[in-house]
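Below you'll find the structure, written out as C-alpha cells, and then a few comments.
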Amino acid sequence: MHYFYAPDISQPFVTLSNEESEHCVRVMRHREGDVVRVTDGCGHLAEAVITDAHPKRCQLEIRQLVTENLLTHNGLHLAIAPTKNADRMEWLLEKAVEIGICSLTFLQCDHSERTHLNLERMQRLAVAALKQSQTTWLPPLRMMSFAEFLQQHQDTPADRFIAWCDDNNTRQLADEPFQHPDIILLIGPEGDFSQEEIAKAREAGYVEVKLGNRRLRTETAGLYGCLAVAVRESLSKPHN
Numbered sequence: 001m002h003y004f005y006a007p008d009i010s011q012p013f014v015t016l017s018n019e020e021s022e023h024c025v026r027v028m029r030h031r032e033g034d035v036v037r038v039t040d041g042c043g044h045l046a047e048a049v050i051t052d053a054h055p056k057r058c059q060l061e062i063r064q065l066v067t068e069n070l071l072t073h074n075g076l077h078l079a080i081a082p083t084k085n086a087d088r089m090e091w092l093l094e095k096a097v098e099i100g101i102c103s104l105t106f107l108q109c110d111h112s113e114r115t116h117l118n119l120e121r122m123q124r125l126a127v128a129a130l131k132q133s134q135t136t137w138l139p140p141l142r143m144m145s146f147a148e149f150l151q152q153h154q155d156t157p158a159d160r161f162i163a164w165c166d167d168n169n170t171r172q173l174a175d176e177p178f179q180h181p182d183i184i185l186l187i188g189p190e191g192d193f194s195q196e197e198i199a200k201a202r203e204a205g206y207v208e209v210k211l212g213n214r215r216l217r218t219e220t221a222g223l224y225g226c227l228a229v230a231v232r233e234s235l236s237k238p239h240n
C-alpha cells in the first residue's frame, strides 16, 4: 500500500499538497476509491480512501488510524557541519530518515566549508525518504551556528557527546552508557571543530568521544552516529 505525507491527519478529510497530489494521481495513477496510507511525520499513520483524485488537490477520507506510535525513531539529535558538497549531506539525510532520528541540525562552525543549505530541498528529500522507507517520523531540519545550538540545548535533559579527532581520547560512543532517552551528538566539518568550540562544548557538559578507530568523512561519521544509537537502543528494548 502506497504511503503519502500530510502534516495534519487529525481531521476526517485531508487534502494533499500539490506535490503529493501529483505524485498520488499522476505518478502512482491512483483513482477515487483507492485505499492508501498517509502519515503526518509525527508518528501517526492512517489508512484513507481517495474521495477526489484531483492532481492538484487530492482529497482523502481517513478511515482508520493504523498506529499512533510516537516512538518510531531513536532518541538521537544529530548536529553536524555540512560538507562542501551538498550531495553528501543529502545522502546522510536520506539515511538518517530511514534509520529514524529525533532531529537533524546543520551546524555553522569555525572551520565550516559550507554555511548555507537549501532547507526546502532538504525537506522534500526527507519526505521522499520517509515515504520510501514507510516510516512515520520526519525529523525537524534546522541550520544554526555552533554557539546558538549549544545555547538552545543548554537545558535539554540529554546525554551530550562531541565527536572529534583526538588521538588521546579512547572513549567510544558505542560504549557510552545512555542515561537519558535523548542523545545529542555533535560532528564537525572536515577540518574538525576548533579548539575554542571544543572548549565551549566541554563547558556545556559534552563528553568527547570517538566514532570507531578510523578517520571518517563527515557524512560517514554522521551515519555511524545514527547507527550506533539505533543499535544500542534496539538491544536495550524488550522483544517479543
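Number 72 in the numbering used here belongs to position 72 of the sequence shown; there are no gaps in the numbering.
Just so you know, even glycine gets a beta-carbon here, dropped at the ideal spot from N, CA and C.
Taking 8 Å as the cut-off, the beta carbon of Arg-142 is found no closer than this to the beta carbon of Thr-115. Within 10 angstroms of the beta-carbon of Ser-10 lie fewer than 16 other beta-carbons, which makes it exposed.
Annotation: the stretch 34 to 121 contains the following complete segments of the beta strand (DSSP E) (minimum length 3 residues), in chain order: 35 to 39, 44 to 52, 59 to 68, 76 to 80, 103 to 108. Annotation note: the stretch 155 to 221 contains the following uninterrupted alpha helix (DSSP H) runs of length 4 or greater, listed N- to C-terminal: 195 to 203. Restricting attention to Arg-26, Glu-98, Phe-161, the CA atom closest to the CA of Ala-128 is found in Glu-98. Contact annotation: Val-66 and Glu-90 have beta-carbon atoms that are not nearer than 8 Å. Shown here, Leu-150 sits in a helix according to DSSP, grouped into three states. Gly-33 is classed as exposed because its beta carbon has fewer than 16 other beta carbons within 10 Å across all chains shown.
With distances taken between CA atoms, Asn-168 lies nearest to Asn-213 out of Ser-194, Asn-213, Val-14. Here Arg-232 is buried. Its C-beta has 16 or more other C-beta atoms within 10 Å.
Minimum Cα-Cα distance from Ile-183 among the listed residues Leu-60, Ile-162, Ser-17 corresponds to Ile-162.
One alpha carbon belongs to Leu-130, the other to Arg-215, and they sit about 30 Å apart.
Ser-145 sits in a strand when the DSSP states are folded into three classes. In the DSSP assignment, Thr-135 falls outside any beta strand (DSSP E) and carries neither an H nor an E. In the DSSP assignment, Ser-21 falls within the alpha helix (DSSP H) that extends over 18 to 22. Between Arg-37 and His-77, the C-beta spacing is not below 8 Å. For Val-14, the enclosing beta strand (DSSP E) starts and ends at 13 to 15.
The shortest CA-to-CA distance from Leu-227 to any of Ile-101, Pro-7, Cys-24 is the one to Ile-101. Looking at the DSSP output, Tyr-3 bridges to Arg-37.
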